[in-house]
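Quick note on numbering: the numbering used here labels position 261 of the sequence shown as 293, and the sequence is numbered without any gaps.
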Amino acid sequence: MLILTDFQAQDYSQEQKVVAPNRKYNDRQGTAVSIQGKTIISGAWNKDVFTSPTDSLIDAGYAFIYQRSFDTWSFRDSLLAPDFDADDLFGRDVSIHGGYIAVGAPHEDEDESYLNTIDKAGSVYIYKEIAPGDWSFHQKIVAADRGTSWAFFGYSVELHDSILVVGAYGEGEDELGLNQIDGAGAAYVFELSSSGQWQETQKLVSSNRQFQDFFGSSVNVTAKNIFVGADFEDNGGQVNSGGVHVFEKNGSGIWIETAHLTSPINGALDLFGRAIDATDSLLIVGSDNDDEDENELNSIVGAGSAYVFRQNIFGTWLFEQKLVALYRGPNESFGHAVGIINDKIIISSPNDKTDSIGNNYLTKAGASHLFEFSSTTNAWELVRKSIAFDRGSNTFYGMSTAISENYIVSGAMWESRNELSTDSVWSAGALYINGSCIHTYDSIVINSCAPYPLPSGNGSLNIDGIYKDTILNSRNCDSIITINFIYTPLAPVLIQTGSILAATDTGSYLWVDCSSGYTIIPGETDSIFTPVSNGVYALILNQTPCSDTSSCYNITSVKIEETINEDIIRLYPNPVISKLFVDLGNQIDVSRVVLMNMDGSLVQDITISSELLLEIDMNMIATGSYLLRIISNNDSRVLKILKY
33 MLILTDFQAQ DYSQEQKVVA PNRKYNDRQG TAVSIQGKTI ISGAWNKDVF TSPTDSLIDA
93 GYAFIYQRSF DTWSFRDSLL APDFDADDLF GRDVSIHGGY IAVGAPHEDE DESYLNTIDK
153 AGSVYIYKEI APGDWSFHQK IVAADRGTSW AFFGYSVELH DSILVVGAYG EGEDELGLNQ
213 IDGAGAAYVF ELSSSGQWQE TQKLVSSNRQ FQDFFGSSVN VTAKNIFVGA DFEDNGGQVN
273 SGGVHVFEKN GSGIWIETAH LTSPINGALD LFGRAIDATD SLLIVGSDND DEDENELNSI
333 VGAGSAYVFR QNIFGTWLFE QKLVALYRGP NESFGHAVGI INDKIIISSP NDKTDSIGNN
393 YLTKAGASHL FEFSSTTNAW ELVRKSIAFD RGSNTFYGMS TAISENYIVS GAMWESRNEL
453 STDSVWSAGA LYINGSCIHT YDSIVINSCA PYPLPSGNGS LNIDGIYKDT ILNSRNCDSI
513 ITINFIYTPL APVLIQTGSI LAATDTGSYL WVDCSSGYTI IPGETDSIFT PVSNGVYALI
573 LNQTPCSDTS SCYNITSVKI EETINEDIIR LYPNPVISKL FVDLGNQIDV SRVVLMNMDG
633 SLVQDITISS ELLLEIDMNM IATGSYLLRI ISNNDSRVLK ILKY
């Protein structure tokens, strides 16, 4: 067995132990576990529900939600069936995906309307995320053909996108409700309808149904396939060797069995299919009672194993590799729980007796093994064996397991101590979380004239201060940004020279009339503004993304000249019919000549010729009075013109 030492291998070092907030004797939290992003759901199928300080419903079951914030996993909420009752085993299996959580209760007796009692027919409860981190009961589902006791619908559950698969390993009838075979098993497919309800669409059974195959003891679903384990199935003449059945949708949208997978060498009581997990092209199958090593040698009773299958380009699932524990021991149940993501596989052995280097014998302390696919050797190789940091006897660390891109969760359903390894409550259970997240930290200084939107999208800043914001980085880990925010609004300032106003800031400009509700003056977009009439004016300054308005300035020195000094400017004819001539004389510093309506709105911007003699075509101008504004560097004249 090769142990990876490549420094690039992802490190899931153990970071935290969590327990339920109201631990009780024999709760057995960690029966099942599922993880998505920063949320963990865990089942405690033996937890009692207290109806009074002295009365309880034994083994009604609970599920617990934990959520990660910054560097800490914390208890978020507890889930309880709305019709809880004794011996329901709510929490036997759990699954989280998208905005839904599914919780199996295989011993539950009533239908979706809380009627029609059938002993241990089973049910599944679905919860919906109604706000980030807030979950609400959404729907109870049962098998459409429920009619016999001990079907154990909900013993296994798996969500993926809009599909939910539920195992009922005790179901005896086939997909048509016929051919009763006790314990042959079934799996039920539910799909999320457009109305937001989960509806049963198909019942799946094995192609080779036999007595007590327990088809449905484990289930998994991906975007392409449904996988159903039958760990008590007989294959190759070997009793309870186990098998896995693969289903795929055909062109009519019906799930059909396309493969029946078994161990390459079937062995009696191997229980191949006890646990399964899959990606679109990889399948890991636990066989926790197998005896032989990866080379089918060195038999050790119940040491356990797991098998990797890969789907080729033709859609065929082919056996790829057998995996075993680093330090194999009798009855250690390696393969009892499995998980896979990308090129990483986690396999638990809840009865494991030794620590990470094969020493310090403790009965049923438990362990998990992380494997990673090596492109160098083209094989799955052991990265590490993980144990509880406070490992103890008979805790069954690894009774359940789940893996995500950044975390591995291991349930220890008989662990008695709390998160500080004190305050023992027998078999209350616990979760151990191994994290591989590398959080990134950054600091930025933002000097802004406008409110600054936080990178996470969770609001904006408009007050000076130092703030922290958290976003997900490329590995879905926390990127924590410290922001020193300095708010500096524009506050534009104007310079007034006589009747001329000038902006002192760069940007784009809109001049407004303060006395008429800050009405924008048409055509006035320069940094210098020369009013055509007395009034109160201000500037709207724009510097993307900021905008601000100056104080208002009172202009009282504008005079409209009815006649002009011809030594300075000659204007003829006035009144005018067709063409108006403007001789600027010695006014060589004229920068702009503008024809305006009497309200100051622009009619025409006149091009200034080099000879300082301007010709203005008035033919298309309507009859009436107009203003001609002549702007120089140090002066501005407004002349009245009459058009016939």
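Using N, Cα and C, we set each Cβ at its ideal position, and we do this for glycine too.
{"Item": "For L315, the residue or residues it bridges with in DSSP", "Value": "A310 and F341"}
{"Item": "Cutoff 8 Å; reference T536; Cβ partners in own chain excluding five residues on either side", "Value": "P524, V525, L526 and I527"}
{"Item": "Backbone secondary structure at S559 - three-state DSSP", "Value": "coil"}
{"Item": "Outcome for Q40 when other beta-carbon atoms lying within 10 angstroms are tallied against a minimum of 16", "Value": "Low local confidence applies: a pLDDT of 35 at Q40 is under 50, so the model's placement there is unreliable, with the coordinate-based value given in what follows. The residue is exposed, with fewer than 16 neighbouring Cβ atoms inside 10 Å."}
{"Item": "Beta carbon proximity, D302 to chain B, threshold 8 Å", "Value": "No chain B appears in this structure, which consists of one protein chain only."}
{"Item": "Reduced DSSP category for C546 - H, G, I as helix; E, B as strand; rest coil", "Value": "helix"}
{"Item": "Cα-Cα separation, G398 to D384", "Value": "4 Å"}
{"Item": "Counterpart residues of K500 in DSSP-defined beta bridges", "Value": "T514"}
{"Item": "In DSSP terms, what W167 is bridged to", "Value": "E161"}
{"Item": "Beta-carbon gap between N272 and L293 smaller than 8 Å", "Value": "no"}
{"Item": "With 16 other Cβ atoms within 10 Å as the buried cut-off, status of P296", "Value": "exposed"}
{"Item": "Nearest-angstrom Cα separation, counted from G461 out to G154", "Value": "24 Å"}
{"Item": "Cβ contact check for the segment 403-423 and the segment 375-393: 3 or more pairs under 8 Å", "Value": "yes"}
{"Item": "Buried or exposed by the 16-neighbour rule on C-beta atoms within 10 Å, applied to N282", "Value": "exposed"}
{"Item": "S475 - partner residues in DSSP beta bridges", "Value": "T514"}
{"Item": "Burial state of K79 (16 or more Cβ within 10 Å)", "Value": "buried"}
{"Item": "Own chain residues within Cβ distance below 6 Å of G539, not counting five before or after", "Value": "L573, N574 and Q575"}
{"Item": "Simplified DSSP assignment, three categories, for W77", "Value": "coil"}
{"Item": "Contacts around D109, its chain only, beta-carbon distance under 7 Å, and the 5 residues preceding and following it disregarded", "Value": "I97 and W167"}
{"Item": "Opposing strand residues paired with Q575 [DSSP bridges]", "Value": "C578"}
{"Item": "From D455, S432, V635 and A534, residue whose alpha carbon lies closest to that of R124", "Value": "S432"}
{"Item": "8 Å contact criterion, which L522 and C578 should meet: CB distance rounded", "Value": "5 Å"}
{"Item": "For L210, three-class secondary structure by DSSP", "Value": "coil"}
{"Item": "Through-space distance from V568 to N651, alpha-carbon basis", "Value": "34 Å"}
{"Item": "Whole-Å CB distance - I648 paired with R624, under 8 Å assumed", "Value": "Going by Cβ atoms, the distance from I648 to R624 rounds to 14 Å, so no, they are not a contact pair."}
{"Item": "heavy atom of the ligand NAD below 7 Å from Y499 C-beta", "Value": "Looking at this structure, you won't find the ligand NAD or any other ligand, since it has none at all."}
{"Item": "Classification of E556 by the beta-carbon crowding that lies within 10 angstroms, buried from 16 upward", "Value": "buried"}
{"Item": "S388 to R423 span [Cα, whole Å]", "Value": "11 Å"}
{"Item": "One or two residues paired with P607 in a DSSP bridge", "Value": "Paired residues: none, contrary to the question."}
{"Item": "W446 - partner residues in DSSP beta bridges", "Value": "Bridge partners of W446: none, in fact."}
{"Item": "Buried or exposed by the 16-neighbour rule on C-beta atoms within 10 Å, applied to I702", "Value": "There is no way to answer for residue 702, as the model of the chain reaches only from 33 to 676."}
{"Item": "Validate contact between the segment 242-253 and the segment 192-210 using beta carbons, cut 8 Å, 3 pairs", "Value": "yes"}
{"Item": "Residue from D119, G93, I72 and V81 with nearest C-alpha to T104", "Value": "I72"}
{"Item": "Under the three-state DSSP convention, the category T180 falls into", "Value": "coil"}
{"Item": "DSSP-derived helix/strand/coil call for T433", "Value": "strand"}
{"Item": "The segment 147-164 touching the segment 127-136, judged by at least three CB pairs closer than 8 Å", "Value": "yes"}
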